[in-house]
Ligand code: HEM
């Protein structure tokens with residue numbers, strides 16, 4: 034969980050935005066040196082906390098099988114050295130796992146092949162809902178609670194989402210075409226580098242000025258959205274990168290000043306949602322020294 038190549042902080046005021054960019058389909062999923070470690074962590078979470086990291090509705094197998102086929106085809110095309118495919122059997126070479134595509138829910142098999150977490154959303158008569166997901170690295174939210182929910186409900190705890198983004202996000206989902214996938218980046222500051230944070234508890238961290246910089250982690254999610262051609266479902270992938278905040282500050286010119294400017298505009302409800310109450314002042318002083 035390291036080496037985040039994304040630093041999506043520009044110093045502008047804090048605001049919720051769709052922030053979608055066109056995605057080159059050849060760059061759908063990212064592979065790096067942490068692959069074996071992260072896949073092993075996923076496998077272990079699937080063993081000891083399956084109900085926490087997997088949630089599926091009956092009937093979601095068709096779209097998830099389409100996703101699995103797409104994941105395997107992507108890896109074979111772009112990273113052929115990572116796996117051997119023999120009919121239904123996929124031999125994942127980094128971990129040595131031999132997966133049978135017909136055994137288990139396909140969203141889980143797909144997730145065991147990539148560093149990303151994977152979510153499938155399908156449209157019913159009314160709206161888009163989360164119907165299948167394998168999320169090993171949630172950033173303080175519970176997958177079980179989100180299964181079957183609409184975009185608005187999923188984002189219920191996010192201050193301002195319902196008013197500002199629920200409508201545009203739904204419209205965007207309706208209009209997303211198979212040939213134009215997109216990506217967006219989401220960042221946050223946390224008091225831990227643990228990637229598996231499956232509950233909202235612990236959001237209220239205790240901060241002291243002396244340790245604030247060295248105790249914080251900069252967490253970026255690279256998220257992609259693409260529509261599947263056969264089922265019409267939408268796949269939401271989440272790739273999580275975590276770095277020490279001090280490391281990002283030291284290696285990214287202008288970052289400390291930009292982060293300080295943005296953090297100064299964070300509203301009390303966002304600070305409460307993020308667990309940043311009590312952090313803003315000491316962080317401001319720490320960033321000021323490094324700007
Ligand atoms: C256009 C699409 C989307 C946009 C613009 C969007 C945007 C956001 C934003 C701004 C946040 C707040 C993050 C933070 O402050 O750290 C968030 C949180 C979240 N998003 Fe999305 N999102 C999108 C799609 C999705 C989808 C498809 C899922 C499906 C699982 C999802 C699941 C979540 C969850 C679980 C949270 C945390 C909510 C909580 O705290 O309980 N998002 N999203």
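Residue numbers (the working numbering): 34 to 324. Backbone N, C-alpha and C fix where the C-beta goes; we use that ideal spot for every residue, glycine too.
{"Asked": "Per-residue DSSP class, three states only, for residue 204", "Found": "helix"}
{"Asked": "Burial state of residue 34, where buried means 16 or more other Cβ atoms lie within 10 Å", "Found": "The pLDDT assigned to residue 34 is 47, lower than 50, so where the model puts this residue is not dependable; a value taken from the coordinates is nonetheless given after this. Label assigned to residue 34: buried."}
{"Asked": "Entirely enclosed alpha helix (DSSP H) segments - the region 121–200, minimum 4 residues", "Found": "139–144, 176–179, 184–187, 194–197"}
{"Asked": "Residue environment, residue 77, which counts as buried when at least 16 other CB atoms sit within 10 Å", "Found": "exposed"}
{"Asked": "Proximity test, residue 202 beta-carbon vs the ligand HEM heavy atom, cut-off 7 Å", "Found": "yes"}
{"Asked": "Neighbourhood of residue 295 by C-beta, 8 Å cutoff - its chain only, sequence neighbours within 5 removed", "Found": "42, 43, 44, 45, 46, 47"}
{"Asked": "Simplified DSSP assignment, three categories, for residue 77", "Found": "helix"}
{"Asked": "Coarse secondary structure for residue 216, derived from DSSP in three states", "Found": "strand"}
{"Asked": "Coil, strand or helix - residue 317 by DSSP", "Found": "helix"}
{"Asked": "Runs of beta strand (DSSP E) lying entirely within the region 234–305, each at least 3 residues, in chain order", "Found": "250–260, 267–277"}
{"Asked": "Of the residues 168, 93, 162, the one placed nearest residue 83, counting alpha carbons only", "Found": "168"}
{"Asked": "Environment of the ligand HEM in chain order, Cβ to heavy atom below 6 Å", "Found": "49, 51, 152, 154, 163, 174, 179, 187, 188, 190, 191, 198, 202, 205, 219, 221, 269"}
{"Asked": "Residue interval of the beta strand (DSSP E) (run including residue 99)", "Found": "Looking at the DSSP string, residue 99 is not in any beta strand (DSSP E); the run it does join, the alpha helix (DSSP H), is 94–111."}
{"Asked": "Where residue 116 sits in the DSSP three-state scheme", "Found": "strand"}
{"Asked": "Between the CA atoms of residue 91 and residue 72 - distance to the nearest angstrom", "Found": "26 Å"}
{"Asked": "Residue 149 versus 187, 108, 114, residue with shortest Cα-Cα distance", "Found": "108"}
{"Asked": "Beta-carbon separation (whole angstroms), residue 222 vs residue 173, contact threshold 8 Å", "Found": "Between residue 173 and residue 222 the Cβ distance is about 12 Å, and since that is not below 8 Å, they are no contact."}
{"Asked": "Nonlocal neighbours in the same chain, by C-beta distance under 6 Å from residue 219, ignoring five residues either side", "Found": "254"}
{"Asked": "Contacts around residue 320, its chain only, beta-carbon distance under 7 Å, and the 5 residues preceding and following it disregarded", "Found": "289, 292, 293"}
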